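This report concerns only the one structure given below.
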Amino acid sequence: MHARLLFLTPRLGLLLLLLAWLAGCAVAPPTPRPAPEPVGLEPLADDVAFRTQQVALLLPLSGRLAAAGEAVLEGVSAAHFSLPPAQRGELRIYDTGERPEATWQQYQQAVGDGATLVIGPLDRAAVDDLARRDSLSVPVIALNRSTLPGPYPRGLHQYALSPEDEASQVALRAAQQGLFDAVIMASRDELGERIVDAFSARYRQLGGTIRDVQFYVPGGVDFRDTIVSGLEVIDPLPTHRQRADAHRMEPEEIETLVARLDWMDIALDENWMENPNIIRLMRGGITAEELSEQLMSAVTEPEVETQMQRLERLDNPPPRRQDVDMVFLVGDTRQARLIRPQLRYYHAGNLPVLSTSQVYSGRPDARADADLDDIIFADMPWLVDPNHAARLDWLEDLSPSAQQRRRLVGLGHDALMLGWEIDRLNLHTEQSFAGLTGRLCLDDQGWIRRELSFGQFRRGVPQPARTPPQGFYQPFEGQP
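Take the sequence shown: its letter number 50 is residue 53 in our numbering, and every next letter is one higher.
Put into structure tokens, the structure is as follows:
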């Protein structure tokens, strides 16, 4: 019973925060039953004093980003109520809606209301608005990264779930595994191209070679052309269209064909056209061409199936290029579930496949993800480790909407915890902070960098991937 009460505390706290926001006032959260110690946190350095804060949350709780803002808020609430009561401070919520141009005004209002830390905004255009300012009197942990070049105002800390950062760390992971010759298979869209560019730049910097890049149409289901071209597979099977073209017959050829068939239990001889079954088909309106297709189907489909089965039993797989030792797969969960088994079909199943968090929905589904087995991907520690303390303590208490956006929940959780760690990270840039989203450090331009964990699908469920041997390449240096 006591444990269940602990699970309920963040949800009730979130409700209280939202009610207070609707009422237009701040809320000092009540003191619930004792909560567990913060998850995965390291103690503050001795030379950084702990201070109770008034935190202003600049989040979109209306408009197109409302669901994302609410997921972040649930993460903030979970972090807030995991702290000892004396350290929680006060939270105030400011709805940024769809008005990035109002960000500066809301920031000033929060400062005037007594905020000692601002978390948000989430919209990139709103972060740009803050990045243009000469100075910020109260530190900000923005939840996205500005598109503007630095330098940035002092006090602006940019914390983003950057797919480019993930791609760079996948490149580093590949180098750590000794994989230096890659073929890239990526969705042909703006995000896919950004990920490809980031991976390629870092991979080449580490000494890797991109042997080929194949872009595919995101909505497709047949990735044969992508795989055959990228891996230069000599395809032993013709396509369905090629088979159909090869099997197309002229009507006068049907007699020769029928003479060799024992089709529909019909005894066929030189008088086959007088057979009552054939006559019945003809009277039913079937044309010679349609009859040809039916007859050919009767003899060709078993042959094709036998060929496919024989292919799968081949001791020597079809020839493919031998200068490749990995595939970097860029695509979402649906695309990865289709591409991975097709790689196996074309006997590229022995090639390591690495990817970003795109391939994982964030929610375990062993049946649906069975085809993803062996894929190694970069993601948040609490999503790749089924025994992570946060998942055991309060994950199931999230709302259904937040359950679908667990990465944003982690973003909100760590943003609040960073509020108490940011002084230490500013003073000691060589130190890091272990959060739900990764091991976090601060670089010299105020960007919060994440060292991600790596998961690997086993029986359709992500598990922590084995750590590669450490050699020349260091595991994390805060590079983009």
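The beta-carbon is built from N, C-alpha and C at its ideal position, and this holds for glycine as well.
These numbers were taken from a predicted model, which means no experiment stands behind them.
{"Asked": "Need the endpoints of the beta strand (DSSP E) that H160 sits in, please.", "Found": "L159 to Q161"}
{"Asked": "How would you label A468, buried or exposed, when you count the other beta carbons within 10 angstroms and need 16 or more for buried?", "Found": "buried"}
{"Asked": "Residue range of the beta strand (DSSP E) that V224 falls in?", "Found": "Taken as a continuous stretch (DSSP letters only), V224 belongs to no beta strand (DSSP E), as it is neither H nor E."}
{"Asked": "According to DSSP, is A48 helix, strand or coil?", "Found": "The pLDDT assigned to A48 is 43, lower than 50, so where the model puts this residue is not dependable; a value taken from the coordinates is nonetheless given after this. DSSP places A48 in coil when its eight states are reduced to three."}
{"Asked": "Find the nearest neighbour of I213 within the set R102, M329 and D228, judged by alpha-carbon distance.", "Found": "M329"}
{"Asked": "Measuring straight from C-alpha to C-alpha, what distance separates E454 and D374?", "Found": "27 Å"}
{"Asked": "Taking all protein chains shown into account, decide if V58 is buried (16 or more other Cβ within 10 angstroms of its Cβ) or exposed.", "Found": "buried"}
{"Asked": "Determine, using beta carbons only, whether V199 and A189 come nearer to each other than 9 Å.", "Found": "yes"}
{"Asked": "With a CB to CB cut of under 7 Å and the five nearest residues on each side skipped, what residues in its chain are close to W385?", "Found": "H391, A393, R394, G413 and L439"}
{"Asked": "In angstroms, rounded to a whole number, what distance separates the CA positions of R184 and A418?", "Found": "Correcting the residue identity first, residue 184 is Asp in this sequence and not Arg. Those two C-alpha atoms are separated by around 37 Å."}
{"Asked": "So, with DSSP's three-state summary, where would you put T212?", "Found": "strand"}
{"Asked": "Three or more C-beta pairs under 8 Å: does that hold for the stretch 322–336 against the stretch 352–372?", "Found": "yes"}
{"Asked": "Buried or exposed for T359, going by 16 or more other Cβ atoms inside 10 Å?", "Found": "buried"}
{"Asked": "Just to confirm, are S232 and A201 a CB contact at a threshold of 9 Å?", "Found": "no"}
{"Asked": "Exposed or buried, which one is A369 when buried takes at least 16 other CB atoms within 10 Å?", "Found": "exposed"}
{"Asked": "Let me confirm a value: G66 is counted as buried when at least 16 other C-beta atoms fall within 10 Å, else exposed. Which label applies?", "Found": "exposed"}
{"Asked": "P344 and V464 - do their beta-carbons sit closer together than 9 Å?", "Found": "no"}
{"Asked": "Please classify T229: is it buried, with 16 or more other beta-carbons within 10 angstroms of its beta-carbon, or exposed?", "Found": "buried"}
{"Asked": "Can you give me the C-alpha to C-alpha distance between E101 and A129, rounded to a whole angstrom?", "Found": "10 Å"}
{"Asked": "When the Cα atoms are used, what is the spatial distance from Q90 to W423?", "Found": "10 Å"}
{"Asked": "Along the alpha helix (DSSP H) that carries A69, what are the first and last residues, could you check?", "Found": "A69 to S85"}
{"Asked": "With a 10 Å radius around its C-beta and 16 neighbouring C-beta atoms as the bar for buried, classify L421 as buried or exposed.", "Found": "buried"}
{"Asked": "Taking the alpha-carbon of P154 as reference, which of A163, R135, L146 and D215 has the nearest alpha-carbon?", "Found": "R135"}
{"Asked": "Within 10 angstroms of the Cβ of L76, are there 16 or more other Cβ atoms? Answer buried if so, exposed if not.", "Found": "buried"}
{"Asked": "Report the rounded CA-to-CA distance for N147 versus V121, giving the unit in angstroms.", "Found": "13 Å"}
{"Asked": "Mapping the DSSP letters down to three states, classify L59 as helix, strand or coil.", "Found": "The sequence given here has Ala at residue 59, not Leu. If DSSP states are grouped into helix, strand and coil, A59 belongs with the strands."}
{"Asked": "Which residue from P87, D382, I96 and I379 puts its Cα closest to that of G72?", "Found": "I96"}
{"Asked": "Please report the residue range of the alpha helix (DSSP H) in which M420 lies.", "Found": "R409 to L430"}
{"Asked": "Who are the Cβ neighbours of S138 in its own chain at under 8 Å, not counting the five residues just before and after it?", "Found": "P156, R157 and G158"}
{"Asked": "Unbroken beta strand (DSSP E) runs of length 3 or more, entirely within the stretch 122–204: which are they?", "Found": "143–145, 159–161 and 184–190"}
{"Asked": "Please classify D98: does DSSP put it in a helix, a strand, or coil?", "Found": "strand"}
{"Asked": "On the CB-based measure, 16 or more other CB atoms within 10 Å of its CB, does T99 come out buried or exposed?", "Found": "buried"}
{"Asked": "Looking at L133: is its Cβ nearer than 9 Å to the Cβ of V143?", "Found": "yes"}
{"Asked": "With a threshold of 16 other CB atoms inside 10 Å of the CB of Q325, please say whether the residue is buried or exposed.", "Found": "exposed"}
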